[in-house]
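**Student:**
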Amino acid sequence: MEIKWFGHSCFQIKTKEGTIVTDPYSAEVGWSLPRLTADVLTISHDHFDHNAKGLVDAQRVFESPGEYEASGMAITGVLGSHDEVGGAKRGKITMFKFLAEGTTVLHLGDLGSQLSDVQLDEIGSVDIVLVPVGGNYTLDAKGAVEVVNTLEPKVVIPMHYKLPGLNIDIKGVDEFIGEIGLTPERAEKLLLSRSSLPEEGMRLIILSKSG
C-alpha cells in the first residue's frame, strides 16, 4: 500500500485492489491540485476545499454514509459532525473507512467532535487513521489526540493543517506533534504492508505535500 498526501484532506491511496482518492480541493484554497485518477473517490462533505470532483477521473464516487464494495475493496461511510454541536454550525460529514490488502484506513474528513459509542461501533478496529488537526473548522490538536487515543490505530497521519500557500485559517501541525508525544517520522509517501504494521505502540507519520 502506498499513501501520498496532496495537502489538506486529499490523499491518494494505492493498493493491490485499486486506487482511492479522498477530498480533492479546488484552487480557491491557494494550491492547484494535479489531475488524479482513481477507482474510488470519496467526498466527506460538500465544501469547496473537499469536493472538487471534476479534478479526479474516478470510476466510483461515494459521498454519504453506507456500506459499499468497489474494485475488491470494502468501504464504510459513517456519519459525523463538522462541529461539536451535532452539525448545527457547519453541518454533517461522512468519515470513510477502507479495507484493502487486509489493512484498514480511516479518513476522518472534517471531524469536529469526539466520536460517540455508536460511531465507534460502526467504525470498528482501525490500522491507519488520517486525522484533521488544524482546529478552527475541525478538531484542534488536543481533540485530535483524544480521538486518536480512542481509536488506538497502529499508524496516525495528520491532515487539514496550515502549510505555506494555503489560504484557510487553521493552525500548523507542530501543536499536534507536541500533544501526541510521539517521535514523528517524516516521509514523501508511506509504503507499508500488513506485516510491516507495528505490533505494539503507534507510529506518527508526517507526510510531505505532493503535487
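Under UniProt numbering, the first residue of the sequence shown is numbered 1, with each subsequent residue one higher.
Virtual Cβ for every residue (Gly too), placed ideally from N, Cα, C.
Just so we're clear, the structure is a prediction, and the values are computed from it rather than from any experiment.
Which of helix, strand or coil does DSSP assign to residue 140?
**Tutor:** Coil.
**Student:** Which term fits residue 57, buried or exposed, when burial requires 16 or more other beta carbons within 10 angstroms of its beta carbon?
**Tutor:** Residue 57 should be labelled exposed.
**Student:** With residue 79 as the anchor, note down where its beta strand (DSSP E) starts and where it stops.
**Tutor:** Residues 73 to 81.
**Student:** Hey, residue 42 and residue 13: beta-carbon distance below 8 Å or not?
**Tutor:** Cβ atoms of residue 42 and residue 13: not closer than 8 Å.
**Student:** Checking the sheet assignment: what are the DSSP bridge partners for residue 107?
**Tutor:** Residue 107 is bridged to 96 and 130.
**Student:** For the alpha helix (DSSP H) holding residue 176, just list the boundary residues, first then last.
**Tutor:** Segment 174 to 180, the alpha helix (DSSP H) holding residue 176.
**Student:** Determine whether the beta carbon atoms of residue 201 and residue 160 lie at a separation below 8 Å.
**Tutor:** Not closer than 8 Å, so no.
**Student:** Closest to residue 119 by CA distance: which of 163, 147 and 3 is it?
**Tutor:** Taking only the C-alpha atoms, the option nearest residue 119 is 147.
**Student:** Measuring alpha carbon to alpha carbon, tell me which residue in 204, 122, 142 and 102 is nearest residue 17.
**Tutor:** The shortest Cα separation from residue 17 among 204, 122, 142 and 102 belongs to 102.
**Student:** Can residue 114 be considered in contact with the ligand PLP, in the sense that its beta carbon sits closer than 7 Å to one or more heavy atoms?
**Tutor:** The ligand PLP is absent from the structure shown, which contains no ligand whatsoever.
**Student:** Please report the residue range of the beta strand (DSSP E) in which residue 119 lies.
**Tutor:** Taken as a continuous stretch (DSSP letters only), residue 119 belongs to no beta strand (DSSP E), being part of the alpha helix (DSSP H) at 117 to 123.
**Student:** Secondary structure at residue 200, three-state DSSP: helix, strand or coil?
**Tutor:** Coil, per DSSP.
**Student:** Cβ of residue 45 within 8 Å of Cβ of residue 94?
**Tutor:** Taking 8 Å as the Cβ cut-off, residue 45 and residue 94 qualify as a contacting pair.
**Student:** Taking all protein chains shown into account, decide if residue 193 is buried (16 or more other Cβ within 10 angstroms of its Cβ) or exposed.
**Tutor:** Exposed is the call here.
**Student:** Determine whether the Cβ of residue 1 lies closer than 8 Å to any Cβ atom of chain D.
**Tutor:** Looking at the structure shown, chain D is missing, and only one protein chain is on hand.
**Student:** Determine the contact status of residue 22 and residue 9, defining contact as a CB-CB distance below 8 Å.
**Tutor:** It is a contact, given that the beta carbons lie within the stated cut-off.
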